Amino acid sequence: MKNTMLKAWLIVPCVLLCCNLQAQDTGAPFVWGINGHPLTQAAYANNWDDQFNRLKDLQLNSYRFDVLLNADGIAKKDALFNKLLNRLKTSGIKPLPVISLSGLKGLDSTAIYQTSYRQGINFGQRYGSYLSVMEVNNEVDNKIMYKGDRPGTRASDYDPEKTTRILTGMRGFIDGVKYAVSSVKFTLSVSYTHFYYLELLQRYQVNYDIIGCHWYSSMGDITNFRPPFGNILTMLTQKFKKPIWITEFNYSKGTTYATFAKQNDYITTAIPKILAQKIIGGIFIYELYDQPLIRKQYPFEACYGLLQKDYNGNTIEKGAYQGYKQVVQKYR
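Here is the structure:
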């Protein structure tokens, strides 16, 4: 496996627990955020006014959402994406778009890099003036791992062919965006203990800036994980020397089975404990609204929201909505 990974590598083209938290080592304001799907999911399609009212009410300064691109590196819903970016700018909220690449199937590694690099330039030139931080390809660690219950801590957990294809595309896109807009930073997500993925990013020279941890209650305590890991945040900081954000966080499966009170208790007790480590530079709850229409296809992902609809179509606040709001107010 290691020899195979080495061959794959050779063909890659080489080209504070207090108010007023600050992002670690940068002096930048702490990033308080939430996830949503204003361009891609029905639960977010016709309620933009409410979304922006909620972002303001929660006193958040960043909105993380998915964006699908065409083969030229332009948003498939270009007009709507531009409208969203303009509205976020007017509202003083930073966008954190999570880009899904396309148009790379059937290409060899050289062509993947060249195509994604061109896409990155196009994307950066078109939208870069709105962006300070962005992401490409959500949870790639899960996509390139072999199926089964794997820890993600060793080379044998990862498919070398998928790794080469996907990471080469990410590398090209990031390089292209940064060529067009040098100030833009990239965060890439990693879930649970899939830390060998971060080593693969180093090996493939993917030029990202921020580690975006995805952590849910079923994974355990991120500040005091089982041996040999201990404090995951400290371990990642020492090993990879990059700022860390938590870009997805919530009680596992939301309120699919748990009560509103249980979800709220987890969010309001775990976040202060994490902040006390004085390591992370931002945190994003997943997510703003429940998505009842995806329940059939993704039964455990439909109820993560801080808000839900009742049988009359009225928006109801779960306990975690006010809980997160109070945490933000206390520590912002």
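Just so we're aligned: the sequence shown equals residues -23 to -1, 1 to 309 in mature numbering (1 follows the signal peptide of the UniProt record, and there is no 0). Glycine residues also receive a C-beta, built at the ideal position from the N, C-alpha and C atoms. Predicted model only: the values in this text are computed from it and were never measured.
Please tell me whether Y301 and I11 are closer than 9 Å, where the distance is taken between their beta carbons. In this structure, Y301 sits near I11, with a CB-CB distance shorter than 9 Å.
With H, G and I counted as helix, E and B as strand and the rest as coil, what does DSSP make of D43? strand
Beta-carbon separation of L270 and R31 under 9 Å? no
Can you tell me which of the three DSSP states A(-16) falls into? Note on A(-16): pLDDT 33, under 50, position unreliable in the model; the coordinate value appears next. In the structure shown, A(-16) sits in a helix (DSSP, three-state: H, G or I).
The ligand ZN heavy atoms versus the CB of I76: any closer than 8 Å? As for the ligand ZN, it is missing from this structure, which has no ligand bound.
Might you give, ordered along the chain, the residues of its own chain that have their beta carbon closer than 6 Å to the beta carbon of Y281, omitting 5 neighbours on each side? Take Y281, set aside five residues on each side of it, and the residues of its chain with a beta-carbon closer than 6 Å to its own are N227, G231, Y263, E264, in chain order.
Need the endpoints of the beta strand (DSSP E) that Q268 sits in, please. Run containing Q268: none; DSSP gives neither H nor E here.
Jot down the residue ranges of each uninterrupted alpha helix (DSSP H) in the segment 196 to 227, minimum 4 residues, whole runs only, in chain order. 209 to 217
Starting from T292, follow its DSSP beta bridges and name the residues at the other end. K286
Among K255, K216, F42, N115, which has the Cα closest to the Cα of residue 310? A question about residue 310 goes unanswered here, because the residues of the chain that appear run from -23 up to 309.
Burial state of D152, where buried means 16 or more other Cβ atoms lie within 10 Å: buried
Alpha carbon to alpha carbon, how far is L37 from W9? 5 Å
Using C-beta distances below 6 Å, list every residue in its chain close to Y174, excluding the 5 sequence neighbours before and after it, in chain order. Answer for Y174: D118, V167, listed in chain order.
K219 vs Y185 beta-carbon contact at 9 Å: Contact: yes.
Taking three-plus beta-carbon pairs below 8 Å as touching, is the segment 140 to 152 in contact with the segment 175 to 194? yes
Considering only the alpha carbon of each residue, which of E278, I209, N115 lies closest to D43? N115
Between A157, Y156, L177, which has its C-alpha nearest L165's C-alpha? L177
Does DSSP put Y275 in a helix, in a strand, or in coil? Here Y275 sits in coil by DSSP.
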